[in-house]
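The working numbering puts the first residue of the sequence shown at 7, with every later residue one more than the last.
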Amino acid sequence: MRIGIIRHFKVDYKKKFFMTSKEFKGWEESYNNSKVTRNDVKLHNINWDKCYSSTLSRAITTAEDVYSGKIVKSDFIREVPISPLFKTNLKLPYCFWAITSRLAWYFNFGPEEEKRKITETKAKKFIDFLENEAKKEGSENILIVTHGFFMYTLQKELKKRGFKGKIVYMPKNGILYLYKKF
């Protein structure tokens, strides 16, 4: 079985360098609703049996661009929401907000809407579902279009289940990453 994971196309949205906690949360909403910049995706001449996409528009647009069949949309592979660690009107750098919120996620701390344990459970349930569907339908090549931060958790779960492939910490937009299990 082969699983190909693609991080959605690059989002066409500029963020401010300094922002309040409220502006940071607003940035996430704007980012989620922005258009993407398409690029050619090399699919390694693999005949993909099925394609799954996150329900966020940037992933759906990417999936529709790279896959011509029916696309199955799933909330299980949506990006992990990001929240400011605390509320303030003080303008702080975007990277401060991004790093502290992801650290809060990692340590299951703070106001994060989705804690790490929830993300890990979503990845496990999604892979369980994929493996069951693949067995039922005889699918050998499955394409997944998802998001950069979530991809790390998904890759780790694939590795735990015996899939071979490189763990990518900073996946590039519109690039196929392959995982195989024999």
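Beta carbons are placed, not taken as given, at the ideal position from N, Cα and C, and that holds for glycine.
The structure presented is a predicted model; accordingly, all values stated were derived computationally and were not measured.
Exercise. What span of residues does the alpha helix (DSSP H) with residue 40 cover, start to end?
Worked result: Premise fails: residue 40 is in no alpha helix (DSSP H) and is neither H nor E.
Give me, in chain order, the residues of the same chain whose beta-carbon lies closer than 7 Å to that of residue 159; leave out the 5 immediate sequence neighbours on both sides.
125, 126, 129
Length at least 3, wholly inside the segment 24 to 75: the beta strand (DSSP E) runs in chain order: 56 to 60
- Closest by C-alpha distance to residue 188, when choosing among 176, 181, 169: 169
Exercise. Buried or exposed for residue 152, please, with buried defined as at least 16 other CB atoms from any protein chain shown within 10 angstroms of its CB.
Key: buried
So, does the segment 173 to 184 touch the segment 85 to 93, judging by three or more C-beta pairs under 8 Å?
With a cut-off of 8 Å, the segment 85 to 93 and the segment 173 to 184 do not count as touching, because too few Cβ pairs lie within range.
Exposed or buried, which one is residue 142 when buried takes at least 16 other CB atoms within 10 Å? exposed
Cα-Cα separation, residue 90 to residue 81
22 Å
### Message
Counting beta carbon pairs with one atom in the segment 16 to 36 and one in the segment 91 to 98, are three or more of them shorter than 8 Å?
### Response
yes
Item checked: residue 98 (DSSP reduced to helix, strand or coil) -> strand
What's the C-alpha gap between residue 35 and residue 139?
32 Å
| Would the beta-carbon of residue 71 fall within 8 Å of that of residue 43? | Not in contact: residue 71 and residue 43 (Cβ atoms no closer than 8 Å).
Could you check whether residue 150 and residue 52 sit closer than 8 Å to each other, using their CB atoms as the reference points? no
Taking buried to mean at least 16 other C-beta atoms within 10 Å of its own C-beta, is residue 132 buried or exposed? buried
Query raised in the report: In the structure shown, what three-state DSSP assignment does residue 182 receive?
Result: strand
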